[in-house]
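Chemist: This is the structure, below, for whatever I ask next.
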Ligand SMILES: [Zn+2]
Ligand SMILES: [Zn+2]
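Residue numbers (full-length UniProt numbering): 1 to 240.
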């Protein structure tokens, strides 16, 4: 060690342990232990307070969580970086790997997924074709997507921005306006009335409300395709 410059104090402590690389995680783990024990002693209530301590730290400790491309997540903390698989309930930290505990990292990922800040394991981050906002989409989805605000559900009443006519949505396709072909073998974006809307938007199929009747449901009526942003939900239309 004499040939090396003396490192800053915080590193000198790590250095004293001999091998920073290997012991980094262990040190972090030990401090966790101490904190767990403190929680337990304070409450004198064994396992449940230990559990509470872990839940609390999962919520409040600074951690950066990012989804990986293989449905797992990476969590960066001051003590180390760990990989979490929510499907199998595993984490690469010592708390989980050695003691088999449901660690604070697993808990944190579960919390962020539940609160909608992270995609679930069967989702990935996509971008809304209308507004560009990030949205969670099914993992296997390949076509253009819409966010919650610009998406539609089957049965939604919508206005056509071009004609003001009322329609009912039958489905949101996964095909772009420049891919989707009408009965006339034209792409949706080739129609002059669609010039103002994005060719990259998914096509939404809808039927005219006036074509519906007691014996004529949305599956019997003639369907038309529209670029997504040409249709506006009746409810949103009233707000605007
Ligand atoms: Zn962990
Ligand atoms: Zn959007």
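The beta-carbon is built from N, C-alpha and C at its ideal position, and this holds for glycine as well.
Would you tell me roughly how many angstroms separate the C-alpha atoms of residue 96 and residue 68, rounded to the nearest one?
Modeler: Locating residue 96 in the chain shown gives position 96, counting from the first residue. Locating residue 68 in the chain shown gives position 68, counting from the first residue. Between residue 96 and residue 68, the C-alpha separation is close to 20 Å.
Chemist: Going straight from the alpha carbon of residue 49 to that of residue 56, what length do you get?
Modeler: In the chain shown, residue 49 corresponds to position 49, counting from 1. In the chain shown, residue 56 corresponds to position 56, counting from 1. Their backbone Cα atoms lie some 10 Å apart in a straight line.
Chemist: Does any heavy atom of ligand 1 sit closer than 7 Å to the C-beta of residue 106?
Modeler: On the chain shown, position 106 is the one that residue 106 refers to. Within the cutoff, so yes.
Chemist: Report the residue from 189, 207, 225, 198 whose alpha carbon sits nearest the alpha carbon of residue 132.
Modeler: Working through the chain shown from its first residue, we reach residue 132 at position 132. The option with the nearest alpha carbon to residue 132 is 198.
Chemist: Between the stretch 98-116 and the stretch 190-197, do at least 3 Cβ pairs fall closer than 8 Å?
Modeler: Not touching, per the Cβ criterion.
Chemist: Does the Cβ of residue 213 have 16 or more other Cβ atoms within 10 Å, making it buried, or fewer, making it exposed?
Modeler: Counting from 1 along the chain shown, the entry for residue 213 is found at position 213. With fewer than 16 other Cβ atoms within 10 Å, it is exposed.
Chemist: Do residue 187 and residue 174 count as a contact pair if the criterion is CB distance below 8 Å?
Modeler: As a working note, residue 174 is residue 174 in the chain shown. As a working note, residue 187 is residue 187 in the chain shown. Taking 8 Å as the Cβ cut-off, residue 174 and residue 187 do not qualify as a contacting pair.
Chemist: Under 8 Å between the Cβ atoms of residue 85 and residue 66?
Modeler: Numbered from its first residue, the chain shown carries residue 85 at position 85. Numbered from its first residue, the chain shown carries residue 66 at position 66. The answer is no: Cβ separation not under 8 Å.
Chemist: Pull up the distance between the alpha-carbon of residue 223 and that of residue 168, whole angstroms please.
Modeler: The residue labelled residue 223 in the question sits at position 223 within the chain shown. The residue labelled residue 168 in the question sits at position 168 within the chain shown. C-alpha separation (whole angstroms): 10 Å.
Chemist: Measure from the alpha carbon of residue 166 to the alpha carbon of each residue in 185, 141, 206, 138, then state which is nearest.
Modeler: By one-based count along the chain shown, residue 166 stands at place 166. Of 185, 141, 206, 138, the residue nearest in Cα terms is 206.
Chemist: Short of 8 Å in beta carbon distance, which residues of its chain neighbour residue 81, apart from the five on each side in sequence? Order them along the chain.
Modeler: Position 81 of the chain shown holds residue 81. Cβ neighbours of residue 81 beyond the five flanking positions: 74, 75.
Chemist: Closest by CA to residue 202, which one among 122, 143, 100?
Modeler: Here the question's residue 202 lines up with position 202 in the chain shown. Of the candidates 122, 143, 100, the one whose C-alpha sits nearest the C-alpha of residue 202 is 143.
Chemist: At what residues does the beta strand (DSSP E) containing residue 76 begin and finish?
Modeler: As a first step, residue 76 is located in the chain shown; it is residue number 76 there, counting from the start. 73-77 is the extent of the beta strand (DSSP E) around residue 76.
Chemist: Can you tell me whether DSSP reads residue 160 as helix, strand or coil?
Modeler: Within the chain shown, residue 160 is the residue found at index 160, counting from 1. Strand, per DSSP.
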